[in-house]
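Student:
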Amino acid sequence: MTKAFVNFDVVYINNFSHYAVQLSPPLLFGLDKAYLLKPGKIVDTYFELMVNISEALGANKSDAQKQLKDSLYFEIQIAQISSLSSNPDQTTHMSINDLQQQYGYVSWLEFINNLLPENVTLKSTDTVYVQEREYFFKLKNLLDKTDKRVQANYAIWRAILEKINYFPEDTLTLYSQASDIIDNASQEKNKNIRCTLECYQSLPDVLNAMYLRHFGKNNIDKVNEIIRYLKSSFGEIISDVEWMDYATKIKALEKLREMQISVNHDNSELLEKYYKNLELDPTDYFNNSLKVYILRTDNRYRNLLSNKKKWIEEDEVKASASYYPPGNRIFISAAILHPPFFSESVPMYINFGSLGVIIGHEIIHGFDDIGSRYDKHGDLNSWWSELTTSLYENQTQCLINQYSSYKLLNISINGTSTLIENIADNGGIKLAFSAYYNWLKDHEEETTGNLKYSARQMFWIVAARNWCGFYRNEYLKDLITVCNKYPPSKFRVKGPFSNSEEFAVAFNCPKGSNMNPREKCLMWQDTHYDLSIIQDILR
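Number 804 marks the last residue of the sequence shown (my numbering); no jumps.
(1) Give the C-beta separation of Pro752 and Asn687 to the nearest angstrom, bearing in mind that I take them to be a contact with Cβ-Cβ under 8 angstroms.
(2) Counting C-beta neighbours from all protein chains within 10 Å, is the total for Thr547 16 or more, i.e. buried, or is it exposed?
(3) Would you give the residue range spanned by the beta strand (DSSP E) that Asp394 belongs to?
(4) Nearest-angstrom Cα distance between Pro382 and Arg561?
(5) Mind reading off the beta-carbon distance from Ala285 to Val276? Whole number of angstroms is fine, and I expect it under 8 angstroms.
(6) According to DSSP, simplified to helix, strand and coil, what is Met359?
(7) Starting from Leu656, trace the alpha helix (DSSP H) both ways and give me its first and last residue.
(8) Cα separation between Leu439 and Phe376?
(9) Using the rule of at least 16 other Cβ atoms within 10 Å of the residue's Cβ for burial, across every protein chain shown, is Phe339 buried or exposed?
(10) Quick one: which unbroken alpha helix (DSSP H) runs of 4-plus residues sit fully inside the segment 288-359? Chain order, please.
(11) With a CB to CB cut of under 8 angstroms and the five nearest residues on each side skipped, what residues in its chain are close to Gly295?
(12) Under the assumption that Ile318 contacts Thr436 (Cβ atoms under 8 angstroms), give the Cβ distance between them as a whole number of angstroms.
(13) Is Leu620 helix, strand or coil by DSSP?
(14) Enumerate in chain order the residues of its own chain whose CB-to-CB distance from Glu784 is below 6 angstroms, with the five nearest sequence positions on each side excluded.
(15) Beta-carbon separation of Asn553 and Leu545 under 7 angstroms?
(16) Over what stretch of residues does the beta strand (DSSP E) that includes Ser554 continue unbroken?
(17) Helix, strand or coil for Phe596 per DSSP?
(18) Quick check on Ile458: does DSSP put it in helix, strand or coil?
(19) If contact is defined by three or more beta carbon pairs under 8 angstroms, each pair taking one atom from either stretch, is the segment 740-757 in contact with the segment 669-679?
(20) Helix, strand or coil: which one does DSSP assign to Ile526?
(21) Based on the DSSP output, what are the partners of Leu645 in its beta bridges?
(22) Using 8 angstroms as the Cβ pair cut-off and three pairs as the minimum, do the segment 326-337 and the segment 412-422 touch?
(23) Is it true that the segment 650-669 meets the segment 713-724, where meeting means three or more beta-carbon pairs spaced less than 8 angstroms apart?
(24) Do Trp789 and Ile491 have their C-beta atoms closer together than 7 angstroms?
(25) Tell me whether Glu397 is buried or exposed, calling it buried when 16 or more other Cβ atoms sit within 10 Å of its Cβ.
(26) Report the rounded CA-to-CA distance for Ser598 versus Lys413, giving the unit in angstroms.
(27) Kindly list the residues whose CB is nearer than 7 angstroms to the CB of Trp508, restricted to its own chain and excluding five residues on each side of it in sequence; keep chain order.
(28) What does the alpha-carbon distance come out to for the pair Ser498 and Val506?
(29) Starting from Ser587, trace the beta strand (DSSP E) both ways and give me its first and last residue.
(30) Should Ala269 go down as buried or exposed, given a rule of 16 or more other Cβ atoms within 10 Å for buried?
(31) Kindly list the residues whose CB is nearer than 8 angstroms to the CB of Ser360, restricted to its own chain and excluding five residues on each side of it in sequence; keep chain order.
(32) Any idea if Cys786 is buried or exposed, counting beta-carbon neighbours within 10 angstroms, 16 or more meaning buried?
(33) Classify Phe664: buried if its beta carbon has 16 or more other beta carbons within 10 angstroms, exposed otherwise.
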């Protein structure tokens, strides 16, 4: 139940040579934090779910309504005192002694050691990392003024939600019906699907290894070839960009050189060693899940005894690609190395237009204003000069204005909150096309058979296909007004494509037309600087 108030974890610090305990506000609420802060139909539905499940578990409905109303209000208050997203700049390190002096309402040494495995014990002089210190000050005031019964009911409710998949079918039906309204999508799943999802969430590395074993490995050499062209081309782009000064460009190129892009994670021998003491009972589903959770949690917490990076990371297995700033690493899952994103048997304009764009997007994340806080080793260490930071902020205003001018369902896109992803979309597609262009220099021009489009045109068509989808209006409204981290898919095509000179040339778009405006937002533009600075750094 600890997670209901404080998120406790063990994380890498300082160039992967040091592990430490990290304390932060709760990462997950019973309802998405953005919804909790916006009273309306979804919060009402969430409250009905709380009452209905409590009644299904034997509570009196009127009592449940009264007590859970207070618990919901308490959960909303916790959401209010924590930020919508974590900010690494708000992370502070201190000894447990100092932690106790500043936030004395919890016996922190006892609290931390109770969560750690038996053979792992911290001392009061050991260092912990605290995210959002202000939250912990505010939490004390909130706990002081809130009845203990309300706190307990909230914690119990959170514990119930965390294990809702193990409840009887009638309880699961209540949850699915509420989720249909909350998520604007049908949540009804048969047992096979639920069990598969449970396996993925509990044993992602095992499921990934089984996937690789069953489907076989792709031509990794071809994937690595795409990566080489992407990194080489981005080195040229960094050298050309106007808003970075020379010294910052050198550091950017060094960070690019050190960036690791991991493809596939079939570590069968290590898996056997990692799970050797795990004994599961095919007749005891619930206790099996607890055993897996305890094993993975204890192993993660035992990292405190080591100064070596462990190979198993929950971030490593996703059905996509993702950039991990503290490691300066991009993880590419096995699942994405198949059509429609990649195939060894298709023309490279397809692979660069799909997988290349996806990886390019993640590479750009290492060089935006969040990436600027992590150096080439992944340490939290700002490496941009003041001039570069100022020029970057000026440059981003164009994108903010551009995306803020877009509307869907008569609702304006938030160009500020979507900025990071818009930068990655624009930079990623430019990078992928540049990489494909450079690949063509070293290979024969590709043909497209009976298609009426050229290979270069097909690159853009494939890149647009990445965002094909059909969405309900309710989902789109929530995407724009509540989540507002990503713009709707149509603008993830229109924005980057209309900012691209290469797209306009490929399709002969008239200057000043909708897809070839005279004024473009060019974060990663070409200005043909001397490229000699990249030769030694990227060698």
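Virtual Cβ for every residue (Gly too), placed ideally from N, Cα, C.
As the structure is a prediction and not an experimental result, all values here were calculated from the model.
Tutor: On the basis of the data shown:
(1) The pair is a contact, with the Cβ atoms about 7 angstroms apart (cut-off 8 angstroms).
(2) Correcting the residue identity first, residue 547 is Pro in this sequence and not Thr. Using a 10 angstroms sphere on the CB of Pro547, the tally of other CB atoms stays under 16, which defines it as exposed.
(3) Checking the sequence shown, residue 394 turns out to be Tyr, not Asp. From DSSP, the beta strand (DSSP E) with Tyr394 extends over Thr392 to Gln396.
(4) Going by C-alpha positions, Pro382 is about 11 angstroms away from Arg561.
(5) Ala285 to Val276, Cβ: 7 angstroms. Contact.
(6) In the structure shown, the three-state DSSP call for Met359 is strand.
(7) It spans Glu651 to Ser669 - the alpha helix (DSSP H) in which Leu656 sits, taken as one unbroken run.
(8) Approximately 35 angstroms between the Cα atoms of the pair.
(9) So Phe339 ends up on the buried side.
(10) Fully enclosed alpha helix (DSSP H) runs of 4 or longer: 298-301, 306-321 and 326-346.
(11) For Gly295, same chain residues with a beta-carbon under 8 angstroms away, outside a window of 5 residues either side, are Tyr311, Met315, Glu340, Trp422, Arg423 and Leu426 in chain order.
(12) Yes, they are in contact, since the Cβ atoms of Ile318 and Thr436 sit about 6 angstroms apart, within 8 angstroms.
(13) DSSP, read as helix, strand or coil, puts Leu620 in helix.
(14) Around Glu784: no qualifying Cβ.
(15) For Asn553 and Leu545, yes; Cβs fall inside 7 angstroms.
(16) The continuous stretches of beta strand (DSSP E) do not include Ser554, which lies in the alpha helix (DSSP H) extending over residues Tyr550 to Tyr566.
(17) It is a strand residue.
(18) In the displayed model, Ile458 falls within a helix according to three-state DSSP.
(19) By the criterion of at least three beta-carbon pairs nearer than 8 angstroms, the segment 669-679 is in contact with the segment 740-757.
(20) Reduced to three states, the DSSP call for Ile526 is strand.
(21) The partner list for Leu645 (beta bridge, DSSP) reads Tyr639.
(22) Yes: at least three Cβ pairs fall under 8 angstroms.
(23) The segment 650-669, when compared against the segment 713-724, does not touch it at the 8 angstroms Cβ threshold.
(24) For Trp789 and Ile491, no; Cβs fall outside 7 angstroms.
(25) With 16 or more Cβ atoms within 10 Å of its Cβ, Glu397 is classed as buried.
(26) Ser598 and Lys413 have their alpha carbons spaced roughly 45 angstroms apart.
(27) Excluding residues up to 5 positions away in sequence, Thr653, Leu656, Tyr657 and Gln660 lie with their Cβ nearer than 7 angstroms to the Cβ of Trp508 in the same chain.
(28) A straight line joining the alpha-carbon of Ser498 with that of Val506 spans about 12 angstroms.
(29) Ala586 to Tyr589 is the extent of the beta strand (DSSP E) around Ser587.
(30) So Ala269 ends up on the buried side.
(31) Correct list, in chain order: Ser389, Thr390, Asp391, Thr392 and Val393.
(32) Looking at its Cβ environment, which holds 16 or more other Cβ atoms inside 10 Å, Cys786 is buried.
(33) Before going further, note that residue 664 is Leu rather than Phe in the sequence given. Under this definition Leu664 is a buried residue.
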